[in-house]
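In this note's numbering, the protein residues as written are 97 to 423.
#1: Nearest by alpha-carbon distance to residue 399: which of 127, 247 and 385 is it?
#2: Out of 201, 190 and 245, which one is the CA nearest neighbour of residue 219?
#3: For residue 365, which of 223, 289, 267 and 186 has the nearest alpha-carbon?
#4: Mark residue 217 as exposed unless 16 or more other C-beta atoms lie within 10 angstroms of its C-beta, in which case mark it buried.
#5: Between residue 99 and the rest of its own chain, which residues show a CB-CB distance below 6 Å, the 5 nearest in sequence each way excluded?
#6: Evaluate residue 287 with the Cβ neighbour count: other Cβ atoms within 10 Å of its Cβ, from every protein chain shown; 16 or more gives buried, anything less gives exposed.
#7: With distances taken from CA atoms, which of 183, 383 and 420 is nearest residue 107?
#8: Can you have a look at residue 369 and say buried or exposed, based on whether 16 or more other CB atoms are within 10 angstroms of its CB?
#9: Between residue 169 and residue 222, how many whole angstroms is the CB-CB distance? I'm expecting something under 8 Å.
#10: What did DSSP end up calling residue 346 once you bin it into helix, strand or coil?
#11: Return the residue from the list 420, 397, 418 and 405 that minimises the CA-CA distance to residue 125.
#12: Tell me which residue opens and which closes the alpha helix (DSSP H) that residue 400 is part of.
#13: Beta-carbon separation of residue 159 and residue 195 under 8 Å?
#14: Can you check which of these residues, 163, 111, 211 and 188, is closest to residue 149 by C-alpha distance?
#15: Where residue 260 and residue 135 are concerned, what is the direct C-alpha to C-alpha distance, given to the nearest angstrom?
#16: Considering only DSSP beta bridges, list what residue 176 is partnered with.
#17: Considering only DSSP beta bridges, list what residue 202 is partnered with.
#18: As an exercise, report each continuous beta strand (DSSP E) stretch of at least 3 residues that is fully enclosed by the stretch 301-373, in chain order.
#19: With distances taken between CB atoms, is the gap from residue 301 to residue 118 smaller than 8 Å?
#20: Looking at C-alpha atoms only, which residue of 362, 404, 343 and 314 is the closest neighbour of residue 133?
#21: For residue 375, which residues in the same chain have their Cβ closer than 7 Å to its Cβ, ignoring the five residues on either side in sequence?
#22: Using only alpha-carbon positions, find the residue among 143, 245 and 393 that is nearest to residue 172.
#23: Check whether the Cβ atoms of residue 279 and residue 344 sit closer than 8 Å, and answer yes or no.
#24: What does DSSP give as the partner residues of residue 242 in its beta bridges?
#25: Can you give me the start and stop residues for the alpha helix (DSSP H) that residue 167 sits inside?
#26: So within the stretch 260-293, which uninterrupted beta strand (DSSP E) runs reach at least 3 residues, ignoring any that extend past its ends?
#27: Which first and last residues belong to the alpha helix (DSSP H) in which residue 380 is found?
#28: Hey, out of 320, 378, 314 and 360, whose CA is closest to residue 338's CA?
#29: Mind reading off the beta-carbon distance from residue 352 to residue 322? Whole number of angstroms is fine, and I expect it under 8 Å.
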């Protein structure tokens with residue numbers, strides 16, 4: 097279908113869940129959503145307590161893109177991510193204890209406490225790398241896609257990136273190469289409305305990012321990124337297309353960032369009630385309960401939530417007890 101000319105709005109899609117969205121999908125999705133939210137809340141608490149050095153970029157409010165995409169991928173697929181990548185790692189199956197220890201600079205961390213919040217890697221679970229260079233996830237994923245195509249593995253590479261990154265030259269170059277070589281690449285843009293403090297609509301001239309990508313020759317789609325079921329469906333279609341050799345896809349997912357750009361962000365550039373409106377309209381957990389829970393009753397959701405909360409609490413305690421990384 098033609099890409100819209102304006103940017104999508106999180107919390108706007110009221111369509112029913114896809115027909116192939118099963119209760120098993122819903123159960124896995126709820127566990128992932130709660131795990132990501134609880135983890136990021138714990139990260140902010142630990143940072144405020146002085147347990148995490150530097151600053152952190154949490155993805156509170158963006159859980160559905162991480163979880164929906166991860167559920168749509170297959171073993172052997174590779175993912176690249178951004179400075180806001182904790183949720184992507186967790187959704188792919190990274191151990192929350194190892195992840196929390198990494199953020200705290202502990203020897204038991206995911207990369208021995210040397211990467212911190214923005215430099216994570218867990219290739220056994222499909223996470224090639226996160227990184228702090230805006231836009232760099234896209235050319236990295238294009239390379240992984242080229243490798244998969246050359247080696248004929250049938251694998252797909254997915255790059256999480258942000259709206260601000262889509263204005264980077266390296267992203268444009270990677271898109272051109274991906275189209276020319278028909279690479280099995282998915283570019284998933286988490287459009288949270290801001291490139292740090294600059295409004296996405298201003299930086300792009302109000303243009304739909306998906307429409308712009310279509311101009312480069314990519315199959316382009318938009319999705320309400322607060323709906324885990326719709327993200328799963330969009331990424332599933334893109335992955336199927338990639339595995340058939342039909343080339344790269346671009347998905348613009350509208351999400352609501354419910355915390356600051358980073359942990360010191362006073363958010364003076366946002367309207368006084370903007371975050372409150374996003375919490376009411378576009379919280380992925382609330383949207384799941386309203387649109388994607390399927391046959392899962394309240395007791396089932398509560399039990400899953402308790403399990404995930406316990407796992408995050410245990411991860412936090414274990415990370416705090418672990419020895420610091422060496423020199």
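In this text, a Cβ means the ideal position worked out from N, Cα and C, and glycines have one as well.
These numbers were taken from a predicted model, which means no experiment stands behind them.
With the structure as the only source:
#1: 127
#2: Measuring C-alpha to C-alpha distances from residue 219 to each of 201, 190 and 245 identifies 190 as the nearest.
#3: 289
#4: buried
#5: In this prediction, residue 99 scores a pLDDT of 46, lower than 50, which makes its location untrustworthy; the coordinate-derived value is nonetheless stated afterwards. Cβ within range, chain order: 304, 306, 307, 310 and 316.
#6: Looking at its Cβ environment, which holds 16 or more other Cβ atoms inside 10 Å, residue 287 is buried.
#7: It is 383 whose Cα lies nearest to the Cα of residue 107.
#8: Residue 369 is exposed by the Cβ-count criterion.
#9: Contact between residue 169 and residue 222 holds, with the beta-carbon distance rounding to 7 Å and staying under 8 Å.
#10: strand
#11: 397
#12: Here the alpha helix (DSSP H) through residue 400 covers 394-417.
#13: The answer is no: Cβ separation not under 8 Å.
#14: 211
#15: 25 Å
#16: 225 and 255
#17: 420
#18: 315-320 and 345-350
#19: No, they are not a contact pair.
#20: 404
#21: Cβ within range, chain order: 354.
#22: Among 143, 245 and 393, the Cα nearest to that of residue 172 belongs to 245.
#23: yes
#24: Looking at the DSSP assignment, residue 242 forms no beta bridge with any residue, so it has no partner.
#25: 159-168
#26: 281-287
#27: 380-383
#28: Looking at 320, 378, 314 and 360, the one whose alpha-carbon comes closest to that of residue 338 is 314.
#29: 7 Å
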